[in-house]
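Visitor: A single structure is presented below for examination.
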Amino acid sequence: MLSAESLEKINREIAKYPADQKQSAVMSALAIAQDEKGWLATETMNFIAKYLEMPAIAVYEVATFYNMYNLKPLGKYKITVCTNLPCALSGGNVAADYLKQKLGIGFNETTADGLFTLKEGECMGACGDAPVLLVNNKRMCSFMSNDQIDQLLEELRK
Amino acid sequence: MTQPVQIILAGVDPAEPDNWRLRNYLKRDGYVALKKIIANKIPPEAIIEEVKKSALRGRGGAGFPTGLKWSFMPRQYEGDKYLVCNSDEGEPGTFKDRDIMQYNPHILIEGMLIAAYAMGVKTGYNYVHGEIWKTYERMEEAVEEARQAGFLGNKILGSDFSFQLYNHHGYGAYICGEETALLESIEGKKGQPRFKPPFPASFGLYGKPTTINNTETFASVPWIIRHGGEKYLQLGRPNNGGTKIFSVSGHVNKPGNYEVPLGTPFAELLEMAGGMRGGRKLKGCIPGGSSMPVLPGDVMMKTDMDYDSIAKAGSMLGSGAVIIMDDTTCMVKALERLSYFYYEESCGQCTPCREGTGWLYRIVNRIEHGKGRPEDLDLLDNLADNIQGRTICALGDAAAMPVRAMLQHFRDEFAYHIEHKKCMV
Amino acid sequence: MINIEINGKQVTVPKGGTVMDGARQLGIYIPHFCYHKKLSIAANCRMCLVQVEKAPKPLPACATPATEGMKVFTHSQQAVTAQKGVMEFLLINHPLDCPICDQGGECQLQDLAVGYGTSESRYQEAKRVVVNKNLGPLISTDMTRCIHCTRCVRFGQEIAGIMELGQAGRGEHSEILAFVGQTVDSELSGNVIDLCPVGALVSKPFRYSARTWELSRRKSISPHCGLGSNLIVQIKQNRVMRVLPRENEEINECWLSDKDRFAYEGLNSDDRLTTPMIKRNGQWHTCDWQEALVFTVEGLKSVMEKHGASSVGALGSAHSTLEELFLLQKLVRMLGSGNIDHRVRQSDFRADDSLEGVPWLGMNIAEIEQLNSILIIGSTLRKDHPLLAHRFRQAVKKGAQLSIINPIDDDLLMRTAHRAIVAPADMVHMLAQVLKAVAETKSLEQVSAHIKQAITAVSITDVARAIAKSLTTNPSTAIFLGNLAQHHPQYADIHAIAHLIAKVTGANLGFLGEAANSVGAYLAGAIPGRGVLGSEIKSDQNGFQFNAARMLGHDANAGPACQAYILMNLELELDAYNPQQAMKSINDAEFVISLSTFKGSITSYADVVLPIAPFTETSGTFVSTEGRVQSFNGVVTPLGDTRPGWKVLRVLGNLLQLDGFDYETSEQIRAQVIPAEDAITRYLNNNLKDYQVNISSKKLDGLQRIGEVPIYQADTIVRRAGSLQLTRDAASPKAWMSTMMLEQLGAREGEIVRLRQGNGEAQLEVACDDGIPLNCIRIACAHPHTSSLGAMFGEVSVEKL
Ligand SMILES: Cc1cc2nc3c(=O)[nH]c(=O)nc-3n(C[C@H](O)[C@H](O)[C@H](O)COP(=O)(O)O)c2cc1C
Ligand code: SF4
Ligand code: FES
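In the order they appear, the protein sequences are chains A, B and C.
Our numbering runs 13 ahead of the 1-based position in the first sequence.
Our numbering runs 338 ahead of the 1-based position in the second sequence.
Our numbering runs 92 ahead of the 1-based position in the third sequence.
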């Protein structure tokens, strides 16, 4: 169900916790699975439930509680812009509006070519670097002026 | 003019990509405190005593005296105990823990080691905010470095002291910054805060005695051990020992982290941050992260940056996030965004928070969009009253306090919005 | 103990007790939703906020520990303001659709809203709408009404032992649901309907069929399993509309199994008999009672004249009342026959003469939770005894070690310390190993030389030693024999060795009673050789004394054991140990009388059908597996011309001119079995005297059947309960085998195979379960799809199609 490489990573996470607390690895297991598959399908969550010996509904609770899990297939690049107050004071909304305009989509929408999905994010703990955005949960981009955004999109489109 | 004092951010230079590494940390007197403890076999009680003397207060938000918290850990307890670091920095305006971990990770590891030694703990977890993945990876690398060098693991530096440290990442939930939600999250569950009592010191991670501190709190400890609690206390003010990192954001010229002695006047901090952007006037400031009450600019300018002074001024030091708003800021819009945040981040278990945050947001949103009603302001106040103090954790308070403070200090602006269906600024 | 004061009244609560505990003791009501005395404390609804002296803010009574000298005010200004504030929040997104809500009239939110709500809402925004979920055939949802108390979620985790419901999402977007595409399948699931304080989770079968205030409530006792759950049966226009638990801490607490809760649908099934029927010249006629009873009497007399009184055999289901079973045995015995039994699924009767009393649980139900080590032998525990399984689960939660010796390895939803999963034929040997392992540390003084000799050759496996250790090193232990053990072809040996292990280790020995009256049937004398309360009946007095196996064991040369059968509440094609044999006997008999509530396929083999009332339409008594005598009254009048069984038997006795059938009331009959002041416990005894154990395990060649009774096929009523028949537990039986077995047979999971047993066959789908021992095949019995097969534990052959 998941690649050997992903399972290897999950096993490393499981080893961080007491032997009878496999469930502790569920957040990282879901993140690893999402990195491999792009999103969390029902079978994927079911697989993780079995792998970690926990109820499937408990996996689902976790997957739906934390914002960064994708429960639906998204564009190749999920761009999450922080628009929370500290960022907004330093151009967070400007960046968001610019992205909307450049991509021709609103929040929670995906471009027709399936390349980009835009999300509104909450505080990423990087307010001093506003505007900030995240690409696919893992890559943070700081000080995102319109020029910087142009460059980023160009790079991603390649 | 107060000079920035570098305790935690000492040696932090984003321009020097390798400064974070163990070898560089060692050059900055890294692990000296730990070595001193182990070499001199300093009794755990003495360490806790030293921390108490330093008047170090929790840097995560509540400002609870750290030494006192450590003394709650049952000493004779047989079986596992845990130490947890709260690096889930999600409070809007705060970005200091990220920099500590990114640029000086070993100071956190050393701080946790000392804490673990003092409380007789063998296993620790560092819960890193999900959105700062690079920083999580940095922590993983740093932990590995420390392990390789014998600072983490079994029989540290040849002593009987063993400590394992693991990083656990979040994945997008502000509430996991609340300490018991964080514990639930490490246990692989939704981050829903637990009712207290029992407190983590008796029933924490996996039901075992657990101590939780903020990243900056732990990072302050090595200096205290190296130089003594007394000296740390003297850096700041009585009951407000040491330095504090303030994350300054918003309408300033140089947003960023500034480590200054507690008690530094706000005006000086503002100057360090390059002063107001465009030379505009300071309208309001949230001095402790978005959950804390906003203060009008003139009040702020007269306030010193320490726990007690800010409390006296009518707000809280919180996590040390200083959000600066100039006179172009629409306070209705500002509150709308904050209310939206708490509405989106409520975990959903307590009725007042689950139902009330949405209600608050919808009203403010209406006012912002010109659909306010005259009775809305009293309603907002009353709803905030009905949420505050009625929930399991303080998120309810965090959602209510900004509303009340905004109405207290900027009521006219709200009334104007309702009456004229547009903004005053 | 801690002393606190609530509203000026002093109360003492145990250490660790809460303000809520104190208030409950004082009878002070504190409004609440999430708090439930049987569930963990969530403190999430915040309805129970009260004022505590010196506390800066109101505190939740349910979660606030009592501390010495604490002063609490539940109705002060601060408390009431807080409670009203919470109530307002609860109502803003609630649809307030009470007029169309099934919970209307019994809704905690509705009740409290009257006291704490305001007449007009300050909430002017759009209300939340939550989509409904399909949780299966038993629970209907209206999730917009949900107040997120999480009682239903905690019930699954803590009581049912399986987390099927969860709260997904967060904040205002939180929703209670099951995992994508799944339903709630626990055999205890219906309890969430009671737990849900609002109308979010309601009964699907009951939905929209009545308003709660139209229903009258009557007390009753469940007829379905040995537990004797206390029921509230709700009636509208002489029809049972719903069944709810009647709280009894010592029995079912506040719970019901789904079987107890939803089986009532069977009572109203189309298959109910409403008039007597007789078969004349091969033609069925409905008729009045007079004609039917005369026909019955003539038929019986004619057989007796031809073949003698001992050619009459009587079999009554242990789901019948004590009174019915008593009269049935009295009737046949007065006729001069000794052939009476209720144990139609038992196959081994060798220990009958050695029984020292009536087999029973061996302790009180509630005491199970105090056990430290438990061994369960031969049981589909969760399905046969859903609420006993819950008691065992609680014991395990408190730290008890649970061991099992079983031919199947179903998930018991609790931690098992040791599991010996062996073929049915190896169970005796496994027990012998445990006995021998026990002897390594305990003296076998009380064990006969014969046994000591027999176990010398036994070699002990690790699991047997572990089980023995668990039994010998923990005080307060018990050994239980489940239904599978009681149906097992070597039941007598299993019983005997279990008894010895219990004797040597000091463990309690108990039986998990299969039916509502498994104990009562013995007490009533519905067994061969023993009359009321175990009084001995010499065999020479009445000729034969056939047990169920003899009565139903068709002999190829001699034909059926009896020529006339009186069957009571039985469908032998489903209820007999070996339906093939049983039906042959019945079909070959000259005259068959069936006292039955349902028609089923009875007309295909009976000569007269007498419609008798189910438990809701007659008074009667059940003696539960813990030996508790519980009498009940009918809650509705009998349907059509149906009559209470005891009245039918009384009239039959009179028409047969037998003495002593002049009962006016069922109480009079009961008094003949159980004299009022008599404690029946002294007749309950699980010991065996002078039984010669045989531990040699017969090596069987073919595939050995493991035939369990599916939960919703166990008795005549539940078989007809429409909604239960839609559950996963009621799915059509499959032929379960291990992967290895499948490979040997060249069969694949999902394919249909032909199964042969005796001269019958059935076609079933193959399924794989590696918990099934080698050379075994698990095929449910008591099901129309498998009733053509033979013995529950016989040899089966598999043919690919
Ligand atoms: C809603 C909420 C969010 C919080 N977020 C954080 C956080 O991001 N980081 C943190 O250190 N503490 C946070 N806290 C405070 C913690 O619960 C806890 O008090 C702190 O980690 C204790 O560490 P300290 O004593 O070192 O400050 C939060 C509290 C609440 C109620
Ligand atoms: S469905 Fe009912 S029991 Fe479950 S959380 Fe909602 S209100 Fe509570
Ligand atoms: S009953 Fe106490 S918070 Fe729900």
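Think of the CB as a built atom: it goes at the ideal place given N, C-alpha and C, for glycine as much as any other residue.
These numbers were taken from a predicted model, which means no experiment stands behind them.
Roughly how many whole angstroms lie between the Cα atoms of Leu571(B) and Ile133(C)?
Guide: Within the second sequence, residue 571(B) is the residue found at index 233, counting from 1. Within the third sequence, residue 133(C) is the residue found at index 41, counting from 1. Rounded to whole angstroms, Leu571(B) to Ile133(C) spans 42 Å at the Cα level.
Visitor: Just tell me which of Thr555(B), Arg436(B) and Ser587(B) has its CA closest to the CA of Gly579(B).
Guide: The residue labelled residue 579(B) in the question sits at position 241 within the second sequence. Of Thr555(B), Arg436(B) and Ser587(B), the residue nearest in Cα terms is Thr555(B).
Visitor: Counting only Cβ pairs nearer than 7 Å, list the residues of chain C close to Phe120(A).
Guide: On the first sequence, residue 120(A) is found 107 positions in, with the first residue counted as 1. None at all; the shortest Cβ gap to chain C is about 16 Å.
Visitor: Mind checking whether Pro297(C) and Gln200(C) have CB atoms under 8 Å apart?
Guide: In the third sequence, counting from the first residue as 1, residue 297(C) sits at position 205. In the third sequence, counting from the first residue as 1, residue 200(C) sits at position 108. Going by C-beta atoms, Pro297(C) is not nearer than 8 Å to Gln200(C).
Visitor: Taking all protein chains shown into account, decide if Phe402(B) is buried (16 or more other Cβ within 10 angstroms of its Cβ) or exposed.
Guide: Taking the second sequence and counting its residues from 1, the one referred to as residue 402(B) is at position 64. Exposed.
Visitor: So with Cβ pairs under 8 Å, would you call Ala139(A) a contact of chain B?
Guide: Within the first sequence, residue 139(A) is the residue found at index 126, counting from 1. Closer than 8 Å to some Cβ of chain B, the Cβ of Ala139(A) qualifies, so yes.
Visitor: Taking the DSSP output, what are the residues bridged to Asp862(C)?
Guide: The sequence position of residue 862(C) within the third sequence is 770, counting from 1. Answer by DSSP bridge pairing: none, since Asp862(C) is not bridged.
Visitor: Taking the continuous beta strand (DSSP E) assigned at Gly712(C), which residues delimit it?
Guide: Residue numbering aside, residue 712(C) sits at position 620 when the third sequence is read from its first letter. That run of the beta strand (DSSP E) goes Gly712 to Val715.
Visitor: So what does DSSP say about His76(C), is it helix, strand or coil?
Guide: Here chain C comprises residues numbered 93 to 893, so residue 76(C) is not present and cannot be evaluated.
Visitor: Tell me, please, whether the CB atom of Lys489(C) is closer than 8 Å to any CB atom in chain B?
Guide: By one-based count along the third sequence, residue 489(C) stands at place 397. No - not a single Cβ of chain B is within 8 Å of the one on Lys489(C).
Visitor: Over what stretch of residues does the alpha helix (DSSP H) that includes Cys691(B) continue unbroken?
Guide: To locate residue 691(B), count along the second sequence from 1; it is residue 353. Start and end: Thr689 to Glu706.
Visitor: Within its chain, find whatever has a CB closer than 6 Å to the CB of Ala252(C); leave out the 5 residues flanking it on each side and keep chain order.
Guide: If you number the third sequence from 1, residue 252(C) lands on position 160. Excluding positions up to five away in sequence, the list reads Ser278 and Leu280.
Visitor: Step through the CB atoms of chain B and report whether any lies within less than 8 Å of the CB of Gln161(A).
Guide: For this step, residue 161(A) is matched to residue 148 along the first sequence. Among the CB atoms of chain B, none fall inside 8 Å of the CB of Gln161(A).
Visitor: Could you work out which residues of chain A lie near Gly273(C), taking near to mean beta carbons separated by less than 8 Å?
Guide: Working through the third sequence from its first residue, we reach residue 273(C) at position 181. Result: Thr55.
Visitor: Could you tell me whether the Cβ of Ile61(A) comes closer than 8 Å to any Cβ of chain C?
Guide: Within the first sequence, numbered from 1, the residue matching residue 61(A) stands at position 48. Output row for Ile61(A): interface = no.
Visitor: Quick check: what's the CA-CA separation for Lys373(B) versus Leu495(B)?
Guide: Residue numbering aside, residue 373(B) sits at position 35 when the second sequence is read from its first letter. Residue numbering aside, residue 495(B) sits at position 157 when the second sequence is read from its first letter. So the two alpha carbons sit approximately 8 Å from each other.
Visitor: Are the C-beta of Ala262(C) and some C-beta of chain A separated by less than 8 Å?
Guide: In the third sequence, residue 262(C) corresponds to position 170, counting from 1. The amino acid at residue 262(C) is misidentified as Ala; the sequence shows Arg. Output row for Arg262(C): interface = yes.
Visitor: Going by C-alpha distance, which of Cys685(B), Tyr681(B) and Asn703(B) is nearest Gly694(B)?
Guide: Here residue 694(B) is taken as the residue at index 356 of the second sequence, counted from 1. Minimum Cα distance to Gly694(B) is reached at Tyr681(B).
Visitor: So, Leu505(C) versus Arg483(C), is the Cβ gap smaller than 8 Å?
Guide: As a first step, residue 505(C) must be located in the third sequence, where it is residue number 413. As a first step, residue 483(C) must be located in the third sequence, where it is residue number 391. In this structure, the beta-carbon distance from Leu505(C) to Arg483(C) does not fall below 8 Å.
Visitor: Give a single yes or no on whether Gly117(A) has its beta carbon closer than 7 Å to a heavy atom of ligand 1.
Guide: On the first sequence, position 104 is the one that residue 117(A) refers to. No, the Cβ of Gly117(A) stays beyond 7 Å of every heavy atom of ligand 1.
Visitor: Please confirm if Gly253(C) has its CB atom under 8 Å from at least one CB of chain A.
Guide: Counting from 1 along the third sequence, the entry for residue 253(C) is found at position 161. Answer no: the Cβ-Cβ gap between Gly253(C) and chain A never drops below 8 Å.
Visitor: For Ser830(C), collect the residues of the same chain with a Cβ closer than 6 Å to its Cβ; drop the 5 residues on either side in sequence, then sort them by chain order.
Guide: Here residue 830(C) refers to the residue found at position 738 of the third sequence. Closer than 6 Å at the Cβ level, and outside the excluded window around Ser830(C), lie Asp862 and Ile864.
Visitor: On the DSSP letters alone, give me the boundaries of the beta strand (DSSP E) that Asn498(C) sits inside.
Guide: For the purposes of this step, residue 498(C) is taken as residue 406 along the third sequence, with counting starting at 1. Taken as a continuous stretch (DSSP letters only), the beta strand (DSSP E) holding Asn498(C) covers Gln493 to Asn498.
Visitor: Is the segment 195-214 of chain C in contact with the segment 169-183 of chain C, if contact means three or more CB pairs nearer than 8 Å?
Guide: yes
Visitor: Measuring CA to CA, which of Gly852(C), Ile869(C), Ala854(C) and Ala681(C) is closest to Cys860(C)?
Guide: As a position in the third sequence, residue 860(C) is number 768, starting the count at 1. Nearest C-alpha to Cys860(C): Ile869(C).
Visitor: Counting only Cβ pairs nearer than 8 Å, list the residues of chain A close to Leu933(C).
Guide: Residue 933(C) falls outside the range modelled here, since chain C spans only 93 to 893, and no answer is possible.
Visitor: Under 8 Å between beta-carbons, which chain A residues line up against Met663(B)? List them in chain order, please.
Guide: On the second sequence, position 325 is the one that residue 663(B) refers to. Per Cβ cutoff of 8 Å: Leu102.
Visitor: Is Pro382(B) helix, strand or coil when you go by DSSP?
Guide: Residue numbering aside, residue 382(B) sits at position 44 when the second sequence is read from its first letter. It is helical.
Visitor: Can you confirm whether the segment 78-90 of chain A touches the segment 657-667 of chain B when touching is taken to mean that 3 or more C-beta pairs between the two stretches lie within less than 8 Å?
Guide: no
Visitor: Tell me, please, which residues DSSP counts as bridged to Pro152(C).
Guide: Taking the third sequence and counting its residues from 1, one reaches residue 152(C) at position 60. Checking the DSSP bridge columns, you'll see Pro152(C) partnered with Leu141(C).
Visitor: What does Cys688(B) touch in chain C if you count any residue whose Cβ is under 7 Å from its own?
Guide: Here residue 688(B) is taken as the residue at index 350 of the second sequence, counted from 1. In chain order: Asn136 and Arg138.
Visitor: CB of Gly574(B) to nearest heavy atom of ligand 1: below 7 Å?
Guide: Residue mapping note: residue 574(B) aligns to position 236 of the second sequence, counting from 1. Checking every heavy atom of ligand 1 against the Cβ of Gly574(B), none is found closer than 7 Å.
Visitor: Along the segment 77-105 of chain A, where does the CB come closer than 9 Å to a CB of chain B? Name the residues.
Guide: Taking 9 Å as the Cβ-Cβ cut-off against chain B, the residues of the segment 77-105 of chain A that qualify are Thr77, Phe78, Tyr79, Asn80, Met81, Tyr82, Thr93, Cys95, Thr96, Asn97, Leu98, Pro99, Cys100, Ala101, Leu102 and Ser103.
Visitor: Do you know how far the Cα of Ile685(C) is from the Cα of Asn649(C)?
Guide: Here residue 649(C) is taken as the residue at index 557 of the third sequence, counted from 1. Here residue 685(C) is taken as the residue at index 593 of the third sequence, counted from 1. Cα-Cα distance, rounded: 24 Å.
Visitor: Figure out for me which residue from Val145(A), Ala143(A), Ala139(A) and Leu65(A) has the closest Cα to the Cα of Ala38(A).
Guide: Numbered from its first residue, the first sequence carries residue 38(A) at position 25. The residue with the shortest Cα to Cα distance from Ala38(A) is Leu65(A).
Visitor: Say yes only if the C-beta of Gly462(B) is nearer than 7 Å to one or more non-hydrogen atoms of ligand 1, and no if none qualify.
Guide: Counting from one through the second sequence, the residue named residue 462(B) turns up at place 124. Flag unset: Cβ of Gly462(B) not near ligand 1.
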